Structure formats: structure tokens, C-alpha cells
Amino acid sequence: MADEILILGIETSCDETAAALLGGRRLLSHVVASQTATHARFGGVVPEIASREHCLRLGPVVAEVLAEAGAGFADLSAIAVTYGPGLVGSLLVGVAGAKAMAFAAGKPLIAVNHLEAHVYANFLEHPEPEFPLLALLISGGHTHLILMRGHLDYQVLGRTRDDAAGEAFDKVARALGLGYPGGPLLERAAREGDPAAFDFPRAMLEPGSLDFSFSGLKSAVLNTLNSARQRGEAIRVPDVAASFQQAVADILARKTAAALKASGARTLVLGGGVAANQVLRERLRAETRVLGARFVCPSPLYCTDNGAMVALCGHYRYLAASFADWRLNAVPGLSLQDFYKKSGKTQLEFAG
Ligand code: KG4
Ligand code: ZN
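Numbers in the numbering used here are just positions in the sequence shown, counted from 1, shifted up by 118.
Right, dumping it as C-alpha cells:
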């Protein structure tokens, strides 16, 4: 461990309090304390409760990660933390906690964008990335097609103009009475359904656009449910779920194929909670194979929020000497594009 780069990664952008320790590119330990059960009775994440839970759990989660790896703060090379995008109260707990730990231990602080962390989740279990690569990021808050020409270099080729893919899953799941969290429950319901039962719209937007739109699809599902209810007709929930999921798969596959062709990238990587969906993974794997490109995706465990992806991105920022200073603050609306422009190498200001 002595001469390895040792990065502690901290993630608190939404409702998972997570931390991990990486030695080089090797995961030594990681813990995700999920708040799903706490928020389930409200049908969604309640921001103040999420912040309070992070406040309670961050210390114990970090202590557990260090203990499991037999490491102490003195062994660390740096502490990496997600500072946006996300819920402001949740982010503030992680950022303030990481700053306090880094300051007390005399270690550098590294600021990580949650979206880039989701992309880096791919390289935890797979060999070094081959650039240029295309990343499809599909989470609860974002749907992005990102071209990477090298480490920490991002060009957003397309993004959603309305709902994120995960948001559409969650809203449709709620309308179907499937509960929270919607994505995994909808995927399970869809296993018993016919994906061709309903022909929901697949918005492709204007020719050449790599942007996404999911609100028309979501509204079409809700309208179908409402009209069936008004007519007193029974509707098979698994059929609606499978048809909706199929429409999302079609939209993602077509846009991703167009982006692969347009960018010349030879590898597709996936990221974000929605990438845990088996139907979508298989569809994108097949689409990529047809184009002769390489397909990589993280294990479902690393698709959803975790500290390991933050630590790995922190590892590459450490190599690039991209450190934050003590003025680091939470940026709930942080975008990848802004981040890229602003992320010049800044040196850590050590006090004393
Ligand atoms: O990346 P993530 O954990 O948090 C954000 O950064 O947003 O993603 C959470 C989103 C939620 O919308 C959740 O419903 C969705 O990912 N999700 C899924 C599945 N597992 C999680 N959506 C579809 N199928 C799944 N199996
Ligand atoms: Zn996320």
C-alpha cells in the first residue's frame, strides 16, 4: 500500500451515503448506505431527510471503509468528493465532510463531477479506456451522450430536453402503482409483459439532433392509463411496463448508434442507475455489436450511486494534479460542459 496512490472517494449527491478506498486502480473497500427504505414511504427522495441522513451516516461509512482496508487517514494520497450536480443539502454534507477530513489530515482535496464519476464507473472492472469513446449516461436526473477524447475531457453531444430517462421510469412506475424506486420495479413488472402490446411514441426530434425527449412518451403512457380508467377497461400493467421500456430502449439505441457513427468513437460505455436495466443493456450491446464497436458497462452495483466511481475519477484527477482548494462549495446545477471549461489545474491551498 505504501507507494500506491490511495484515494478515498465520497459520494452524497442524492440519497446514498457512499465511500470507497482505491489503491491504484484496485478497489480495496467500499460501502453504500442506502436511504431507499427511508424515502419509500414518501414515494420519492425528501431533500431535508436525505441531508440529515447523510449527516448521521457519513462519519461511520468513512470509518468502515478505512477499517475494512486496514488504512488510516495518514495513508491517503487525497480525498475526492462529489460537489455537483445533485441535491444542495446532500452535496453540502459530503463537501463539508470531505473538506474537514482533508484539512485535518493535511491531504489534498479533489472535486469530482457526479456525471464524470458515473462514466468512470466503467473502468473499475474493465481495463484502461480506449479513446475516443462514447458514454451514454442515463440516470435519475440526466440523459447525456458524451464524447471523451482522453481522460477528464468531455464533449456533450446530446442531452435530454425534458425528462431524464430515470425520471420517466420513476413517473411511469408511480402511475402504474408499482411504488418506489420506480426503475427496478418497472423492469421487474415488464418481465411478464408484451413489449409490442402498446405502440408508444419514440420522439427522435429534428434530423441530425442527438438530443433526447422523454416527456411525450411519458404523457402517452399516462393518457393511455387515464382513458382506460375512464372507459372502465382493465389494463395489464406488465404490458404497459414492457411497451414503455421497449420505447425507451428504441430511443436510446437509435440516438446512441447515430452518435457512434457521427463521432467515430469505437467504444460505447454506459453509466447511471438506468444502465442497471438488463433489457436496455442488452439492446445497447446488440446495437453496438452491429456497428462493430466495443461495448462496456459497469456491474449493476456500480451503475447506481457509489463511492468507488468517485474514487477512480479522483485517481485520474490526482494524476493530472487537478486539485480543489478550500473554497470548494456544492454546485447543485453543475454541468459537465461548464465543469470541463472551468476545470483547469488548480493547486490546493494548504493552510500551514
Ligand atoms: O445514478 P442514480 O443512482 O442516481 C442519479 O444520479 O440519478 O440513478 C437513479 C435512477 C432512478 O431514476 C432509478 O429509477 C433508475 O436510476 N434505475 C433504473 C433501474 N435501476 C435504477 N431504471 C430502470 N431500470 C433499472 N433496473
Ligand atoms: Zn447518479
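C-beta atoms are modelled at their ideal positions from N, C-alpha and C, and glycine is treated no differently.
Remember, it's a predicted structure, so these values are computed and weren't measured experimentally.
Proximity winner among the options, relative to residue i (alpha-carbon distances)
| i | options | result |
| --- | --- | --- |
| Asp133 | Leu126, Val206, Leu145 and Ser195 | Val206 |
| Phe441 | Val179, Lys225, Arg306 and Glu129 | Lys225 |
| Tyr238 | Leu386, Ala448 and Leu452 | Leu386 |
| Leu419 | Gly451, Asn240 and Ala198 | Asn240 |
| Cys421 | Arg407, Leu437, Ala393 and Glu243 | Ala393 |
| Ala137 | Ala235, Thr342, His244 and Ala158 | Ala235 |
| Pro416 | Ala380, Asn395 and Tyr201 | Asn395 |
| Ala323 | Gly311, Asn344 and Ile369 | Contrary to the premise, residue 323 reads as Leu rather than Ala in this sequence. Of Gly311, Asn344 and Ile369, the residue nearest in Cα terms is Ile369. |
| Thr130 | Gly142, Gly301 and Val179 | Val179 |
| Leu255 | Asp423, Ile353 and Leu340 | Asp423 |
| Ala181 | Val163, Ala216, Ala346 and Glu400 | Ala216 |
| Leu446 | Ala214, Gly162 and Ala404 | Ala214 |
| Asp121 | Asp193, Leu303 and Ala321 | Asp193 |
Buried or exposed by the 16-neighbour rule on C-beta atoms within 10 Å, applied to residue i
| i | result |
| --- | --- |
| Lys289 | buried |
| Ala291 | buried |
| Thr374 | buried |
| Leu174 | exposed |
| Asn231 | buried |
| Thr154 | exposed |
| Leu437 | exposed |
| Pro247 | buried |
| Leu452 | buried |
| Arg476 | Residue 476 is absent from the model: the chain starts at 119 and stops at 470. |
| Phe330 | buried |
| Ser345 | exposed |
| Ser381 | buried |
| Ala253 | buried |
| Ala352 | exposed |
| Phe160 | exposed |
| Glu400 | exposed |
Endpoints, the beta strand (DSSP E) within which residue i is located
| i | result |
| --- | --- |
| Ser147 | Arg144 to Ser152 |
| Arg384 | Taken as a continuous stretch (DSSP letters only), Arg384 belongs to no beta strand (DSSP E), as it is neither H nor E. |
| Asn231 | Leu227 to Asn231 |
| Ala196 | Ala196 to Gly202 |
| Ala137 | Glu134 to Gly141 |
| Gly127 | Leu124 to Glu129 |
| Arg412 | Arg412 to Val414 |
| Gly268 | Thr261 to Gly268 |
| Arg309 | Run containing Arg309: none; DSSP gives neither H nor E here. |
Test item: CB-CB of residue i and residue j under 9 Å
| i | j | result |
| --- | --- | --- |
| Gln76 | Ala439 | A question about residue 76 goes unanswered here, because the residues of the chain that appear run from 119 up to 470. |
| Leu118 | Leu388 | One cannot answer for residue 118 here, as it falls past the ends of the chain, which runs 119 to 470. |
| Leu294 | Val358 | yes |
| Leu296 | Val355 | yes |
| Leu140 | Ile123 | yes |
| Ala448 | Leu210 | yes |
| Ile197 | Leu430 | no |
| Ala360 | Gly311 | yes |
| Met427 | Leu304 | no |
| Ala286 | Val366 | yes |
Residue i, enclosing alpha helix (DSSP H) - first and last residue
| i | result |
| --- | --- |
| Tyr436 | Gly425 to Leu437 |
| Thr342 | Ser333 to Gln348 |
| Met219 | Val206 to Ala223 |
| Leu402 | Gln396 to Val408 |
| Leu184 | Pro165 to Ala187 |
| Val81 | Since the first and last residues shown for the chain are 119 and 470, residue 81 lies out of range. |
| Tyr420 | Pro418 to Cys421 |
Next on the checklist: With three or more beta-carbon pairs closer than 8 Å as the criterion, would you say the segment 315-324 touches the segment 265-272?
Outcome noted: no
Checklist entry - Would you call the segment 183-194 and the segment 139-150 touching, i.e. three or more CB-CB distances under 8 Å? => result yes
Checklist entry - Looking at C-beta atoms only, is the number of pairs between the segment 163-170 and the segment 192-206 that lie closer than 8 Å three or more? => result yes
Next on the checklist: Would the segment 320-337 count as touching the segment 273-285 if we require 3 or more Cβ pairs under 8 Å?
Outcome noted: yes
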